[in-house]
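Down below is the structure, laid out as C-alpha cells.
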Amino acid sequence: MAIIPINIKEGTLKLEEYIVGIDLGTTNSLVAIIDRLTGKPIAIAGHNAEVIVPSIVYLNPNGEILIGHQAKPFLLNDPANTIFSVKRLMGKTYSDVDTNGSVLGYKLIDDNSESLIKIKSGGKFYTPIELSAFILKELKNRAEKQLGAKIVKAVITVPAYFNDAQRQATRDAGKLADLDVLRIVNEPTAASLAYGLGLDPSETKTIAVYDLGGGTFDISILKIHQGIFEVLSTHGNTQLGGDDFDNAIVRHWLDIYIELREEAQMHSLILQKLRLLAEEAKKHLSSAMNFETDLIIEKMSISLKLSRLDFEKLIKPLVDQTIASCKHAMKDASLSHSEIDEIIMVGGSTRIQFVQDEVKQFFNKSVLNTSLNPDEVVALGAAVEADILAGNRKDILLVDVTPLSLGIETLGSLMDVIIPRNSKVPQRAARQYTTSVDGQSTLRICIYQGERDNISHNRKLGEFFLSGIPGMPAGMPKIEITFMLDADGILKVRAKELRSQVEQHIEVKPQYGLSDKELEQMLLDSLVHAKEDMSYRSLKEAITEAQNLCYATQNFIKKNKEELSEFELEKTGIYIEHLKTAISIEDKDQILKAHDELNDFTKSYAERLMDKAIVMALKGKTIEDN
Ligand code: ADP
Ligand code: MG
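What the sequence shown shows, in this note's numbering, is residues 19 to 644, in sequence order.
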C-alpha cells in the first residue's frame, strides 16, 4: 500500500519525509499523519489493523522485548517484568511517587530518593525514558512500514500540567527512539486542532477539553484567538480513569457473588480475569443495556451480569469527581458556563453515555464534540501540529501559563501575590509598596511561589535588598515592585523607589528544583482533603481484603487440617498473626506486605489440595458430567 516515488534523474528511490504526531498515552499510544490525498489526519494501524498500541512493555528475561498487544498477556503471566503506566513515572524522583509504587506490579528501585526512578526487571535497570522509548520505537517502526518512508521527525503530546522535568523526559525518550522531537504539544491543544479549532486566525473561541482515559482525568479550559492557544486553566486527577470503573465492577461482582469472592481470595489470577471481564462489560455497556457472561473457574460456572443502570450507579461517584474538577477549572479560568463555546471529549472512557450526559448537564450544553474517535483525537491533532511545523499551514503559537502564584512577603509573613497562578506567560505585573519605619533606607524583598497566605507554607525563590532609599518619613517612599515572567518561565524582579529613581533587580527561575511532588502539593492545596480521603480509602480497602484473607485462610485450615503438615500449619499461623498485627496498626504498606506473604505461602498447598480435590471429584464422575 505504500507509494515510493522514484527520482528518475538520479535513478534513486526518493523516500518521502513525514513528520508524525504521537500520543504517548498512559494506557494507549498512537501515531498519526496527514493523509496526502485527503489532507486529513489519520491514525496508522499495525499489521493487526488496530491503531491503538497499549502502552505496555514486556521485558522477557531472555532479552526479547515485546510492546503493546503482544505484551498485554504478560500482565497476567509475568507481572514483575511487564511494565505499564510508565508515563506516570516520567521525570519523577522516587520521592515523588512513593505512594504510587505499591499499586504497580513491577519493582521500582530506590537508589537515592532524590534521583530519577528506575525500574528493575530481570537483573537490569530501566528508566521510564528508556521504556517510553521502546513504545515510541514501536510507533516509529509501524509508521515506517506502513508509509514506506523513513520517519525522523515527530511531535509528541503531553498533559497540559506536565512540568519541565516531565516534558524534558518525554523529549529524551523521543531522542532515544531516534526521533527528532520538533515540539512537545499539550494534549488538549492537540485535541482542539484535531477538531479544526484554532486553524482560522479570525476565530476566537473558548473551549473545554474533557479527557478521561484509562488511569487519568484532565480538564483544560483553552482560549483560542488569532491562532494562539492559551491554557486558561487545567485541573484533574492523576489517579482516576476507566481502570477505576473496571475495579468498581469487580468489587460489585465480588460483593454479590460470595462464592466468587472466596475463590478470588485464594487465587489472585481470578481477580485479574475478573478485571478483564469487567472492562469487556464496561465497553459492551457503552452500546448495549445489559451484559452477561459465564465465568468458568475450576469447579464452578458463574453467570456474571451487569446492567447499564447498575454500571451507572457504580461509576457515579467517580464521574462526580471529574465534574468537581471541571468546577475548579472553570473557577480558575473565571468563566461562566455560557462563555464556553465548545466541549471536546477525549479519551476512551468518554464513550460512556453517562459520562457524556453528566458533562452536558454540568456545562449546560446539548451537544459535545464527539464525532472523532476519542482515543485517536490527540494523535490526530498532533499530526495537524506536525503539518503546521512542516510549513504546510500557517504557524500557530502556543501560550503557556504559570502553575503557581508568584509574590512577595509583606508584614506579618503574609504572601502578597503579584502574578496569580494560571496567568499566561510572558507576563508582567507591578505593585507599589512603602516603608514602615521613619528614615528606613533599605528594604528587603523576598520572593515566594505558592497559594498559601502564610509565606512559610510557600516556596522561597530568592531575596534581594533595595538600598539607598533617601531618608523619608514612614509611608512616604513609593516603591514599585515589578515581576516580569518570560516565555521560558524565568522571573525577573525589579524594585524601584519612584521618588528617587533608586532601583535594584534580580533574576530567579521559579520552577527550578521544585520537585513534582512539591508542585503538586502546593497546587492542590484545596484538594488536600480529597487526597487524604483517597489514602484513607485505599487503607480501608487493604484492611477489608486482608480481613477476608485471614477469615478464608482460617476456614480453609479448619476444613483441611489433616492434609497439611505441621510446618505448614505453624507457618500459616505466624503469617496470619503478622497480618492481624498489621491490620491493628492500620499500616497500609505492612498490610499489603503481610497479605502477600500469607497469600504466597498458602497458595502452594491450596493448589495441591485443590488438584487433589479435583482428581477425587473427577473419579466419581461420568464423562457427561464434565
Ligand atoms: P490513555 O489516555 O490513558 O492512554 P485512552 O484514552 O486510550 O487512555 O482510554 C483508555 C480507557 O478507555 C480504558 O480504560 C478503556 O477501558 C476505556 N474504553 C475504551 N473503549 C471504551 C468503551 N467503548 N466504553 C467505555 N470505556 C472504553
Ligand atoms: Mg490520553
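Here a beta-carbon is modelled for each residue, glycine too, at the ideal position from N, C-alpha and C.
Keep in mind the model is a prediction, meaning the values are calculated, not measured.
Helix, strand or coil: which one does DSSP assign to residue i?
i	result
residue 253	strand
residue 531	Reliability of the predicted coordinates at residue 531 is poor, the pLDDT of 42 falling under 50, and the value obtained from them is presented with this limitation in mind. Residue 531: coil per DSSP, three-state reduction.
residue 268	helix
residue 65	coil
residue 556	helix
residue 202	strand
residue 602	helix
residue 5	This structure gives no information on residue 5, because the portion of the chain shown stretches from 19 to 644.
residue 90	coil
residue 624	helix
residue 299	helix
residue 591	helix
residue 585	helix
residue 59	strand
residue 617	helix
residue 340	helix
residue 108	coil
residue 489	coil
residue 570	helix
residue 512	strand
residue 402	helix
residue 149	helix
residue 523	strand
residue 445	strand
residue 562	helix
residue 500	strand
residue 645	Examination of residue 645 is not possible in this model, given that the chain is present from 19 through 644 alone.
residue 373	helix
residue 389	coil
residue 317	coil
residue 82	coil
residue 484	strand
residue 494	coil
residue 304	coil
residue 629	helix
residue 163	helix
residue 349	helix
residue 458	coil
residue 139	strand
residue 472	strand
residue 102	strand
residue 546	Per-residue confidence for residue 546 stands at a pLDDT of 46, beneath the threshold of 50, marking its modelled position as unreliable; no derived number is given.
Per DSSP, residue i is paired with what?
i	result
residue 309	324
residue 46	72
residue 467	424, 477
residue 241	224, 248
residue 171	37, 198
residue 236	229, 254
residue 52	59
residue 450	498
Am I right that residue i and residue j are in contact with their C-beta atoms under 8 Å? What's the rounded C-beta distance?
i	j	result
residue 426	residue 437	Not confirmed; about 11 Å, so no contact.
residue 231	residue 43	6 Å
residue 473	residue 423	With 8 Å as the limit, residue 473 and residue 423 do not qualify as a contact, their Cβ atoms being about 11 Å apart.
residue 211	residue 402	4 Å
residue 10	residue 517	Nothing can be reported for residue 10, as the shown portion of the chain is limited to 19 through 644.
residue 428	residue 493	Not really, about 14 Å apart at Cβ, beyond 8 Å.
residue 93	residue 139	At roughly 14 Å, the Cβ-Cβ gap does not stay under 8 Å, so residue 93 and residue 139 are not in contact.
For residue i, decide whether its Cβ has a neighbour in chain B, counting only Cβ atoms nearer than 8 Å.
i	result
residue 174	As a matter of chain content, chain B is missing from the structure shown, which is built from one protein chain.
field: Segment contact, 8 Å Cβ cut-off, at least three pairs: the segment 592-602 with the segment 563-583
entry: At 8 Å Cβ cutoff, the stretches touch.
Check your reading: residues with Cβ closer than 5 Å to the ligand MG heavy atoms: Any residue whose Cβ sits closer than 5 Å to a heavy atom of the ligand MG makes the list: 43, 231.
message: Within 8 Å, do at least three Cβ pairs link the segment 318-328 to the segment 291-307?
response: The segment 291-307 vs the segment 318-328: in contact.
contact_flag[the segment 486-500, the segment 449-469] where n(CB pairs < 8 Å) is 3 or more: Yes, they touch.
- request: Examine the Cβ distances between the segment 275-287 and the segment 188-207 and report whether three or more of them are shorter than 8 Å.
  value: Counting Cβ pairs under 8 Å, fewer than three are found: no touch.
message: If contact is defined by three or more beta carbon pairs under 8 Å, each pair taking one atom from either stretch, is the segment 68-88 in contact with the segment 435-447?
response: No, the segment 435-447 does not touch the segment 68-88.
message: Taking 8 Å as the cut-off, does the segment 71-80 touch the segment 190-197 (at least 3 CB pairs, one atom from each stretch)?
response: No, because fewer than three Cβ pairs between the segment 190-197 and the segment 71-80 fall closer than 8 Å, the two stretches do not touch.
message: With a threshold of 8 Å, are at least 3 pairs of Cβ atoms found where one atom belongs to the segment 233-246 and the other to the segment 215-225?
response: Short answer: they touch.
- prompt: Can at least three beta-carbon pairs, one atom from the segment 56-66 and one from the segment 167-187, be found at a separation below 8 Å?
  reply: The segment 56-66 vs the segment 167-187: no contact.
query: Taking contact to mean at least 3 C-beta pairs separated by less than 8 Å, is the segment 138-156 in contact with the segment 88-108?
result: Put simply, the segment 138-156 touches the segment 88-108. At least three CB pairs are less than 8 Å apart.
task: Could you tell me whether the segment 601-608 touches the segment 578-588, using the rule of 3 or more Cβ pairs below 8 Å?
output: Contact fails: fewer than three Cβ-Cβ distances are below 8 Å.
query: Is the segment 219-239 close to the segment 267-275, with three or more CB pairs under 8 Å?
result: At 8 Å Cβ cutoff, the stretches do not touch.
query: Pairing CB atoms from the segment 335-347 with CB atoms from the segment 300-309, are three or more of them under 8 Å?
result: Short answer: they don't touch.
message: Is it the case that the segment 363-375 contacts the segment 132-144, given that we only count it when at least three CB pairs across the two stretches are under 8 Å?
response: Three or more Cβ pairs closer than 8 Å define a contact, and the segment 132-144 falls short of that threshold against the segment 363-375.
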